[in-house]
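Peer 1: In full-length UniProt numbering, the protein residues as written are 1 to 191.
We put the beta carbon where it would ideally sit given N, CA and C, even for glycine.
Keep in mind the model is a prediction, meaning the values are calculated, not measured.
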Amino acid sequence: MGNKSTKKGTPQQLTPQQISMFTASTNFNEKQIRDWHAEFIRDYPNGKLDKKQFIKMYSHLYPGKNADAFSKLAFSMFDSNHDGTIDFYEFILAIAATSQGDLTDRLEIAFDICDSSDDRQIDRKELAVMISAMYDLLGETNRSGDYDPKKRAVEIIGKLDVNGDKKLNKYEFIAGCKNDPIIHRLLSPNN
Ligand SMILES: [Ca+2]
Ligand SMILES: [Ca+2]
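#1: Would you give the residue range spanned by the beta strand (DSSP E) that Lys48 belongs to?
#2: What does a CB cutoff of less than 6 Å around Phe54 pick up in its chain, not counting 5 residues either side in sequence?
#3: With DSSP as the reference, please indicate the residues paired to Asp87 in a beta bridge.
#4: How big is the Cα-Cα spacing for Thr15 and Glu30?
#5: State the Cα-Cα distance for the pair Ser144 and Asp83, rounded to the nearest angstrom.
#6: Do residue 192 and Ala175 have their C-beta atoms within less than 9 Å of each other?
#7: Using C-beta distances below 8 Å, list every residue in its chain close to Ser132, excluding the 5 sequence neighbours before and after it, in chain order.
#8: Using 8 Å as the cut-off, can you tell me whether the stretch 45 to 64 makes contact with the stretch 19 to 26, which would need three or more C-beta pairs spanning the two stretches below that distance?
#9: If contacts are defined as beta-carbon pairs under 8 Å, then Asn66 and Leu137 qualify, I think. What distance do you get, rounded to the angstrom?
#10: Please confirm whether Lys167 and Ile157 have their CB atoms less than 9 Å apart.
#11: Buried or exposed: where does Asp115 fall if 16 or more other Cβ atoms within 10 Å of its Cβ makes it buried?
#12: How many Å lie between Leu73 and Ile41 at the Cα?
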């Protein structure tokens, strides 16, 4: 460990450049970044979280809810360099995404979390996985009839897909979610 991290500093210390980058990418100020970082290093002294640790940490943001499936999706999205761990930069973006921003910001994040293939489109399968994760979060155990995630996914795509390719791009997704009270509630469990 350590021989390739000389330029960026060690995970235990933040450089002024990193702090500028983090304050620019989030609405956190320097003190908040330092506080998050101190906490992060206290909990994860080697400067990263593996998938299991992330799911445990992220689930705490949804107390009393079953956030496992949602947290797994979130891990894949926030691990933006795909190295199987979440470093402090990825971590602070995850916290910012979850705790800051307006509905559009949150829908953008929801879109990115849902788009697990990273092709900038949400297909039926991706949406069904997301809906199922959202049901877990909301404590909805019924998966039959109208609650069948696959059925809901087909319905939602049918409703929001403007250009007729049976997938949702970011624009269709955000515009559609804002106009549909049920989807809206499903995708912004904090509201
Ligand atoms: Ca990573
Ligand atoms: Ca996709």
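Peer 2: On the basis of the data shown:
#1: Here residue 48 refers to the residue found at position 48 when the sequence shown is read from its first residue. Per DSSP, Lys48 belongs to the beta strand (DSSP E) from Lys48 to Asp50.
#2: Along the sequence shown, read from residue 1 onward, the residue named residue 54 stands at position 54. Result list for Phe54: Phe75 and Ile86, in chain order.
#3: Position 87 of the sequence shown holds residue 87. Lys48, per the DSSP bridge assignment.
#4: Position 15 of the sequence shown, counting from 1, holds the residue named residue 15. Position 30 of the sequence shown, counting from 1, holds the residue named residue 30. The straight-line gap from Cα to Cα measures roughly 12 Å.
#5: On the sequence shown, position 144 is the one that residue 144 refers to. On the sequence shown, position 83 is the one that residue 83 refers to. If I take the Cα positions, the gap works out to 37 Å.
#6: This structure gives no information on residue 192, because the portion of the chain shown stretches from 1 to 191.
#7: As a first step, residue 132 is located in the sequence shown; it is residue number 132 there, counting from the start. Ala69, Arg143 and Pro149, listed in sequence order.
#8: no
#9: Numbered from 1 along the sequence shown, position 66 holds the residue referred to as residue 66. Numbered from 1 along the sequence shown, position 137 holds the residue referred to as residue 137. Confirmed, about 7 Å.
#10: Along the sequence shown, read from residue 1 onward, the residue named residue 167 stands at position 167. Along the sequence shown, read from residue 1 onward, the residue named residue 157 stands at position 157. Contact: yes.
#11: Within the sequence shown, residue 115 is the residue found at index 115, counting from 1. It counts as buried.
#12: Here residue 73 refers to the residue found at position 73 when the sequence shown is read from its first residue. Here residue 41 refers to the residue found at position 41 when the sequence shown is read from its first residue. Roughly 24 Å separates the two Cα atoms.
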